[in-house]
Each structure stands twice: as C-alpha cells, then as structure tokens.
Amino acid sequence: MEKLINNLKQIQIKTPEGLHKKIMSGLFFLRFKRYFLIGIVLLSLNLILISWHIWSRIIEKDILIIIKDMIQEFDLSWVFIEEFITTILEYLPLALIITFVVNVFVMGYLVFVFFKFKKNSVS
Amino acid sequence: MKEKSEEEKILLSLKNGNLAAFEKILLLYEDRIFNYIYHLVGQKQDAEDLTQETFIKLYTHIKTIDINKNFLVWLYKIATNTVYDFWRRKKNKKEILLDELQNLETIETETTYLNIEKQEVVRDVQNALAKIKPIYRTVLLLFYKNNFTYKEIAETLNLPLNTVKIYIHRAKKELKEKLKNGKTY
Numbered sequence: 001m002e003k004l005i006n007n008l009k010q011i012q013i014k015t016p017e018g019l020h021k022k023i024m025s026g027l028f029f030l031r032f033k034r035y036f037l038i039g040i041v042l043l044s045l046n047l048i049l050i051s052w053h054i055w056s057r058i059i060e061k062d063i064l065i066i067i068k069d070m071i072q073e074f075d076l077s078w079v080f081i082e083e084f085i086t087t088i089l090e091y092l093p094l095a096l097i098i099t100f101v102v103n104v105f106v107m108g109y110l111v112f113v114f115f116k117f118k119k120n121s122v123s
Numbered sequence: 124m125k126e127k128s129e130e131e132k133i134l135l136s137l138k139n140g141n142l143a144a145f146e147k148i149l150l151l152y153e154d155r156i157f158n159y160i161y162h163l164v165g166q167k168q169d170a171e172d173l174t175q176e177t178f179i180k181l182y183t184h185i186k187t188i189d190i191n192k193n194f195l196v197w198l199y200k201i202a203t204n205t206v207y208d209f210w211r212r213k214k215n216k217k218e219i220l221l222d223e224l225q226n227l228e229t230i231e232t233e234t235t236y237l238n239i240e241k242q243e244v245v246r247d248v249q250n251a252l253a254k255i256k257p258i259y260r261t262v263l264l265l266f267y268k269n270n271f272t273y274k275e276i277a278e279t280l281n282l283p284l285n286t287v288k289i290y291i292h293r294a295k296k297e298l299k300e301k302l303k304n305g306k307t308y
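In order, the protein sequences belong to chains A and B.
According to this note's numbering, the first sequence is numbered sequentially starting from 1.
According to this note's numbering, the second sequence is numbered sequentially starting from 124.
If you want it as structure tokens, here you go:
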C-alpha cells in the first residue's frame with residue numbers, strides 16, 4: 001500500500017505553457033469587459049449619427065446622381081480622379097469623411113480585441 | 124511563519140484589487156491547482172479551462188475571503204466546487220466515463236520524463252484513480268498529493284471529519300481493488 005501511495009504522490013503533470021497567459025487574459029477580459037462594451041456602444045451611436053449626417057447630405061445635394069453621372073464618364077486618369085475627389089469634397093467635408101473612417105476602424109479594432117479576449121476566457 | 128505573513132500581505136493587496144498580487148498568487152498555486160484538477164477530470168483541455176475558471180472565481184470572490192483562515196483550503200474549495208459544477212453540467216454520466224477512457228492514451232505522453240517501467244506503474248495508478256468514485260478520488264488527491272489534514276479536507280469538502288476518515292479508508296481500498304482488477308500492478 002505504501003508503494004501505491006508513493007506512486008500516487010509521484011504523479012506530476014507538467015502545467016501547459018500557455019495556462020498562465022490564458023488565466024491573465026481571462027481576468028483582463030473580466031475586468032475590462034464593461035469598458036469595452038461602453039466604448040463599443042458609444043462608438044456605435046457616434047457611427048449612426050455620422051452615417052445619418054452623411055446620408056442626409058447625400059440626399060439633400062443629390063450626390064448620388066452626380067456620382068452616377070461621373071461613373072458613366074469613367075476614365076482611369078489622374079485628371080478624372082482629381083475631379084471626382086474635388087466634386088465629392090465640395091458636398092461632403094473632409095473632416096466628416098475622416099471622422100467616419102476613423103470611427104469605423106476604432107470600432108472594428110475594439111470589437112476584434114473584445115472577441116480575442118473573449119475567446120480565451122471560459123467565464 | 125514568514126511565508127504566511129508574506130502570503131497575508133499579498134492577499135490583502137489582492138483584496139484591494141491589485142492585479143500584480145493576483146499574478147503572484149497565480150504563480151504560487153497554478154501548478155498545484157492544475158495538477159489537482161487534471162487528476163480529477165482526466166482531460167488536459169478541461170483541466171486548463173477549469174483552472175482558469177477557478178482563478179477567475181478566486182478574483183471575483185476575493186472580497187469575501189477571511190485572511191485569518193487557511194487560504195489554501197479556500198482555494199481548493201473553489202477548485203473542487205468548480206470541478207463538481209463541471210461534472211453536473213455534463214449531464215450524461217456515460218460521457219464522463221468515456222472521457223476517462225480516452226484519457227488513458229494521453230497520460231503516457233504527459234509523463235515522458237519518467238523511465239518506461241515507472242511510467243507504466245504511474246499510468247496504472249492514474250488509470251485506477253480515474254475509475255474510482257469522484258469523491259474518493261478527491262479525498263485521496265487532497266490527502267496524499269496535497270498533504271491536507273483530515274480537518275482541512277473536511278473544510279474543503281464541507282464534510283464531517285469522520286466521514287473524511289471513512290472516505291479515505293474506502294478510497295484506498297477501492298484504488299487497490301481497481302489496480303488488482305487491472306492486473307498490471
């Protein structure tokens with residue numbers, strides 16, 4: 001019996017290398033989950049507002065028709081591209097476009113990080 | 124005594140939400156808890172997930188801990204309850220048995236550091252351990268592998284002291300029988 005107990009005591013399993021990191025990232029997710037969600041919700045609201053603003057400008061100024069006309073006259077040249085961009089910027093301010101793009105990227109990044117940590121968490 | 128007061132300092136710091144203190148506790152106990160859970164569930168992936176769940180529970184319930192009481196008992200209590208909840212979630216008992224049988228193959232790769240003869244003996248003990256009742260497995264692991272006293276086991280498992288003594292006696296008997304039936308030891 002003593003031999004059996006000694007063998008029982010000897011059984012030692014090596015802890016997986018990534019376990020420590022897994023636990024820490026699970027904890028990180030638990031601690032910051034709320035802030036991530038608040039950030040994503042605020043950015044979503046912001047995105048809705050910007051999108052609505054851009055859409056109302058597009059409708060108001062008939063930008064879609066202008067774009068459609070320009071595409072019909074499509075020409076792969078620097079002059080055409082420059083003219084196209086200048087026309088768009090006449091109706092849609094650059095700051096608005098940049099805000100929209102940045103919003104989309106930051107939100108996408110937050111969602112990516114959120115799910116990355118969620119994947120490592122069992123809770 | 125010095126070690127104890129050091130642990131108390133870390134626990135106090137952890138109670139205040141210090142993440143570095145949590146990592147210290149994790150470094151101190153993750154191996155022991157992983158080994159304990161692994162021997163209970165017999166599956167590496169499940170053991171990893173349950174170890175993570177145990178430490179997350181430790182962090183979320185740290186405010187309720189009484190640092191004057193035995194921290195290790197408290198930690199093992201969380202680990203044991205986490206494993207028992209996991210078993211409860213696995214409704215079908217057949218599934219547990221199947222997992223344990225699959226485990227027979229994984230043990231060999233885990234113990235490559237031992238020589239072949241010893242590996243076989245250890246594997247037989249491990250296999251027999253997987254076949255005894257979960258509560259017997261739990262008391263044996265706590266008593267022999269984690270050097271818990273009867274009183275500590277009783278506290279961890281919420282059992283009367285005499286019941287623990289009886290369980291250990293029966294567990295040893297059952298383990299021996301399983302080994303004999305396996306005819307490999």
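For each residue, glycine too, the CB sits at the ideal point set by N, CA and C.
These figures come from a predicted structure and were not determined experimentally.
Contact set between residue i and chain A, taken where Cβ atoms lie within less than 9 Å
| i | result |
| --- | --- |
| V248(B) | L4, N7, L8, Q10, I11 |
| F194(B) | The premise fails here: F194(B) is roughly 17 Å from chain A at the closest Cβ pair, so nothing lies under 9 Å. |
| K65(B) | Since the first residue shown for chain B is 124 and the last is 308, residue 65(B) is missing from the structure and cannot be characterised. |
Cross-chain neighbours of residue i in chain A, by beta carbon under 7 Å
| i | result |
| --- | --- |
| Q175(B) | K22, I23, G26, V122 |
Residue i at chain A interface by Cβ criterion, 8 Å
| i | result |
| --- | --- |
| V206(B) | no |
| Y273(B) | no |
| E231(B) | Any reading at E231(B) must be qualified, since the residue scores a pLDDT of 42, below 50, and its modelled position is unreliable; no value is offered. |
| I179(B) | yes |
| K288(B) | no |
| L135(B) | no |
| L265(B) | no |
| L298(B) | yes |
| K200(B) | no |
| T167(B) | The sequence given here has Lys at residue 167(B), not Thr. With 8 Å as the cut-off, K167(B) counts as an interface residue toward chain A. |
| K301(B) | no |
| T307(B) | Low per-residue confidence applies at T307(B): pLDDT is 46, beneath 50, and the placement is therefore not dependable enough to give any value. |
| L149(B) | yes |
| L282(B) | no |
Within chain A, partners of residue i - CB distance below 8 Å
| i | result |
| --- | --- |
| F145(B) | L27 |
| Y182(B) | L27, L30 |
| Y161(B) | I13 |
| V245(B) | N7, Q10, I11 |
| K268(B) | L8, K9, I11 |
is_contact[residue i, chain B] using C-beta, thresh 8 Å
| i | result |
| --- | --- |
| L30(A) | yes |
| P93(A) | no |
| T87(A) | no |
| F114(A) | no |
| T15(A) | yes |
Contacts of residue i in chain B (Cβ-Cβ under 8 Å)
| i | result |
| --- | --- |
| L19(A) | E153, F157, E171, T174, Q175 |
Residue span of the alpha helix (DSSP H) that contains residue i, given as start and end
| i | result |
| --- | --- |
| L150(B) | 142-164 |
| P283(B) | Unbroken run through P283(B): none, as it is neither H nor E. |
| N7(A) | 2-10 |
| G26(A) | 19-60 |
| D189(B) | Taken as a continuous stretch (DSSP letters only), D189(B) belongs to no alpha helix (DSSP H), as it is neither H nor E. |
| K213(B) | Element bounds for K213(B): n/a, residue is neither H nor E. |
| Y109(A) | 94-119 |
| F271(B) | Careful: F271(B) lies outside any alpha helix (DSSP H) and carries neither H nor E. |
| F80(A) | 78-91 |
(request) State whether the region 12-24 of chain A contacts the region 135-154 of chain B, with contact taken as three or more CB pairs (one from each stretch) at a distance under 8 Å. (result) Under the Cβ criterion (8 Å, minimum of three pairs), the region 12-24 of chain A counts as touching the region 135-154 of chain B.
(message) Closer than 8 Å is the cut-off here; do at least three beta carbon pairs connect the region 185-204 of chain B with the region 45-55 of chain A?
(response) Verdict: no, contact absent.
(message) Taking 8 Å as the cut-off, does the region 172-179 of chain B touch the region 128-142 of chain B (at least 3 CB pairs, one atom from each stretch)?
(response) Result no; under three Cβ-Cβ pairs closer than 8 Å.
(message) Whether or not the region 287-300 of chain B and the region 248-267 of chain B are in contact is what I'm after, with contact meaning three or more pairs of Cβ atoms, one per stretch, closer than 8 Å; do they touch?
(response) Segment contact: the region 248-267 of chain B against the region 287-300 of chain B, three or more CB-CB distances shorter than 8 Å; contact assigned.
(message) Across the region 192-207 of chain B and the region 273-288 of chain B, are there enough close Cβ pairs to call them in contact, namely three or more that are closer than 8 Å?
(response) When Cβ pairs closer than 8 Å are counted between the two stretches, the region 192-207 of chain B is seen to touch the region 273-288 of chain B, the count reaching three or more.
(request) Check whether the region 54-63 of chain A touches the region 27-36 of chain A, taking contact to mean three or more Cβ pairs, one atom from each stretch, closer than 8 Å. (result) Because the criterion of three Cβ pairs below 8 Å is not met, the region 54-63 of chain A and the region 27-36 of chain A do not touch.
(request) Please confirm if the region 107-117 of chain A is in contact with the region 74-88 of chain A, defined as three or more CB-CB distances below 8 Å between the two stretches. (result) Cβ pair count under 8 Å is below three, so no.
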